[in-house]
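Shown next, in structure tokens, is the structure this report addresses.
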Amino acid sequence: MWTTESGEDGLLHRRSYLKIAGAAALGTALTGTAAASDHETVTVPEDERKVVEVGDSELLENVTYDVTAAGAGVTIVANGTDWTIRNIAVDGAVDMGDHTIIGAADTGGGTSRIENVWLGDGCLREKGGATGIWVDPDHEGRLEIERVNVQEMSDNGLYCSAPGTDWGSGGTVAVRDCYAANNRISQYRLAEGTVENCVASVTDDREHRHGRGVWAWSPGPVEVRDCHFDMNGNHYSFVAGANDEGSRIDVFDTEWDDEFHGGWRTIADGTVNFEGGNGNDPRNFVPDGCPTSAAEAVCAEEEPKDSEGDEPESESPSVDDYRNDETGAVETDGFREALGDWERGDIGTSLLIDVFSAWFGG
């Protein structure tokens, strides 16, 4: 009797252990990945600008804002401290005048972040058009901007110089692994901070699409490291100073274009210091990890198409695909197979959860 009970009890413990382990594996996988089923699309109607607010310690992630309708736009306003914006895409060129797409400030002296964002569709080509990212004068902490693709903005790509003005709060900005192209006025505009492993390019010779590579405003310094400025003779790679006040740019290990009036300019007592490892052979490329499309920014699954451009006809996978042929239940091997398919991207998160539920409750 004792032996039999012990054997059954051991089997129950083994099953419970397997299910706990399976739940842990599923939880770990889902925590570490922004899956397509976690993604939300917000469609902005014609002639409307959607405003989204982000505050203290809040997280905005995995959202596509569809602004393809005429007169549609979106503005994300982030202030407070220790907030994060990540995995965001604006699909379509915004049509909302001189508003900014992201207005940001860490107003509590902490560190806030903007990560993995697609603004590559730009705005309507007009002088008084939109800004990609605007950093408010009230910014007093540290803002980290990483893996942002911003193109074809009419009023600066990354406009981060306002905290350094006489009325600004003196916050700093660190820009890394970003791509900025064909933005009017400037690609990267800072008063104090860093631009690291970034690319700026001006390939569009039309009006309202030319801007400086880095424009440093007072007080400085702005450190530029491991970057490429592919200006194609359309504008300066570096300008230090503005409004009769100087600034300082320190350049390290960077390839830059010198075809436009020598490639750099200083205003008042501004300086551009070429410290070492620099050259004049810039390339136009998107840094590793920086999104190259709206779908890539939010980890959304783009529907495959056949050779004629039509959606392929195939049956969608289901829980039944993972059931045991003899028992009709989802066994451990079936769950493991589903987990492997999910990791390869063959099935979505919602189906994986359904398979897990069937296995766990079996």
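Residue numbers (the working numbering): 262 to 623. Each residue gets a CB set at the ideal place from its N, CA and C atoms; glycine is no exception. Computed from a prediction, not measured in an experiment: that's the story for all the values here.
The Cβ atoms of proline 552 and tryptophan 379 lie closer than 7 Å to each other. Listed as beta-bridge partners of valine 351 by DSSP are Tyr326. By the neighbour-count definition (other C-beta atoms within 10 Å, threshold 16), asparagine 504 is an exposed residue. For glycine 341, same chain residues with a beta-carbon under 7 Å away, outside a window of 5 residues either side, are Gly316, Asp317, Thr368 and Gly369 in chain order. Burial is judged here by how many other beta carbons sit within 10 angstroms of a residue's own beta carbon; aspartate 427 has fewer than 16 and is exposed. In this structure, valine 411 lies near glycine 393, with their beta-carbon atoms less than 7 Å apart. Looking at Trp603, Val355 and His522, the one whose alpha-carbon comes closest to that of leucine 613 is Trp603.
Going by DSSP, alanine 555 is part of the alpha helix (DSSP H) stretching over 555–558. Looking only at Ala452, Asn458 and Gly425, the smallest Cα-Cα distance to aspartate 438 is reached by Asn458. Shown here, valine 591 sits in coil according to DSSP, grouped into three states, outside any helix or strand. With a threshold of 16 other beta carbon atoms within 10 Å, leucine 320 falls short and is exposed. Distance from the CA atom of glutamate 322 to the CA atom of valine 351, rounded to whole angstroms, is 12 Å. Residue ranges of uninterrupted beta strand (DSSP E) with 3 or more members, entirely inside the segment 400–453 and ordered along the chain, are 403–412, 419–421, 433–437, 440–442 and 446–451.
Positions of the beta strand (DSSP E) runs, each at least 3 residues long and wholly inside the segment 474–559, are given as 483–486, 489–491, 499–501, 509–513, 525–527 and 532–537 in order along the chain. Three or more Cβ pairs closer than 8 Å define a contact, and the segment 428–437 falls short of that threshold against the segment 464–471. Nearest to alanine 333 by C-alpha distance, out of Ile362, Ile346, Ser618 and Ala558, is Ile362.
Closest in alpha carbon position to alanine 354, among Gly502, Met414 and Ile446, is Met414. Residue burial annotation: glutamate 307 is exposed, with fewer than 16 other C-beta atoms found within 10 angstroms of its C-beta.
Secondary structure at threonine 302: strand, using DSSP grouped into helix, strand and coil. For valine 547 against valine 485, the beta-carbon gap comes to about 18 Å, at or over 8 Å, which does not count as contact. Excluding five sequence positions before and after serine 508, the CB atoms of its chain that fall closer than 6 Å to its own CB belong to Ala477, Trp478, Ser479, Gly481, Ala501, Gly502 and Gly531, given in chain order.
In the structure shown, the three-state DSSP call for arginine 597 is helix.
The DSSP-derived three-state label of alanine 619 is helix. DSSP places leucine 613 within a helical segment (H, G or I) once states are collapsed to three.
When the beta-carbon positions are compared, phenylalanine 521 and isoleucine 510 stay at least 7 Å from each other.
When only Cα atoms are considered, arginine 597 and tyrosine 326 end up about 35 Å apart.
Here asparagine 444 is near glycine 418, since their CB atoms are less than 7 Å apart. For glycine 334, the enclosing beta strand (DSSP E) has its first and last residue at 334–339. In this structure, the beta-carbon distance from valine 338 to lysine 311 does not fall below 7 Å.
Apart from the 5 residues on each side of it in sequence, threonine 527 sits with its Cβ closer than 8 Å to the Cβ of Val500, Ala501, Gly502, Gly507 and Val533 in its chain, given in chain order. Take the alpha-carbon of valine 396 and the one of glycine 595: they are about 50 Å apart.
Looking at the DSSP output, tryptophan 379 sits in a beta bridge with Ala350 and Asn410.
Taking each of Asp399, Arg584 and Ala441 in turn and checking the Cα distance to glycine 432, the smallest one comes out for Asp399. In the structure shown, the three-state DSSP call for valine 580 is helix. For alanine 461, the uninterrupted beta strand (DSSP E) run begins and ends at 460–462, by DSSP.
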